[in-house]
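Asker:
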Amino acid sequence: MAKFKLDDTDHQILDMLIENTRTPFTDIAKKLLISAGTVHVRVKKMEEAGIIIGSSLTLDYQKLGYAFIAYVGVFLKNTSQTKFVLERINEIPFVTVAHVTTGKFNVFCKVRARNTQHAKDIIFQLDDIEGVYRTETMISLEESINDKKRLMHSIFQDM
1 MAKFKLDDTD HQILDMLIEN TRTPFTDIAK KLLISAGTVH VRVKKMEEAG IIIGSSLTLD
61 YQKLGYAFIA YVGVFLKNTS QTKFVLERIN EIPFVTVAHV TTGKFNVFCK VRARNTQHAK
121 DIIFQLDDIE GVYRTETMIS LEESINDKKR LMHSIFQDM
């Protein structure tokens, strides 16, 4: 597939959608002084090109009772067990992110929990997976930066 070229209008549409994925196309159109149909067509083209892949919701986990975040590095007995271990990790709903990594850990996970006891239970589940040699945990004291827009603007400048 040929590289999809984004123009300034596409950048502005993406900027508004990243800020709030539920922004109506009519609101975007009014702000950009274009038709809602134009916004729809442009978003559709970006979806077809694979630039936009779905949309997501941002939740306030603190209000939902899941403010505790831990990062767990997983050491495997053998790297050949990676796929099997990831399949088992995927069965633990409180592991929200898992990366296969180089360096110290074979797999690096983000865990959301209600409290330290709950996190301990989740970490023990990870430890109990066949093929896991051991784990190493870091507790997040605060998520200080989580800003997709800064990255997006940097990418646009490189285009």
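Heads up: the sequence shown begins at 1 in UniProt numbering, then just goes up one per residue. All residues carry an ideal CB built from backbone N, CA and C; glycine is no exception.
Suppose you measure from the CA of residue 58 to the CA of residue 37; what does that come to, to the nearest Å?
Answerer: Position 58 of the sequence shown, counted from the first residue, corresponds to residue 58. Position 37 of the sequence shown, counted from the first residue, corresponds to residue 37. Cα to Cα, the separation comes out at about 27 Å.
Asker: Out of curiosity, what's the CA-to-CA distance linking residue 23 and residue 16?
Answerer: Position 23 of the sequence shown, counted from the start, is the residue given in the question as residue 23. Position 16 of the sequence shown, counted from the start, is the residue given in the question as residue 16. Residue 23 and residue 16: Cα-Cα distance of roughly 7 Å.
Asker: Between residue 105 and residue 124, is the Cβ-Cβ spacing less than 8 Å?
Answerer: Here the question's residue 105 lines up with position 105 in the sequence shown. Here the question's residue 124 lines up with position 124 in the sequence shown. Not in contact: residue 105 and residue 124 (Cβ atoms no closer than 8 Å).
Asker: Residue 122 and residue 89 - do their beta-carbons sit closer together than 8 Å?
Answerer: Indexing the sequence shown from 1 puts residue 89 at position 89. Indexing the sequence shown from 1 puts residue 122 at position 122. Taking 8 Å as the Cβ cut-off, residue 89 and residue 122 do not qualify as a contacting pair.
Asker: Which class does residue 66 belong to by DSSP, given the choice of helix, strand or coil?
Answerer: In the sequence shown, counting from the first residue as 1, residue 66 sits at position 66. Three-state result, residue 66: coil.
Asker: I need the boundaries of the beta strand (DSSP E) containing residue 110, first residue and last residue.
Answerer: The residue labelled residue 110 in the question sits at position 110 within the sequence shown. Counting along the chain, the beta strand (DSSP E) containing residue 110 begins and ends at 107 to 113.
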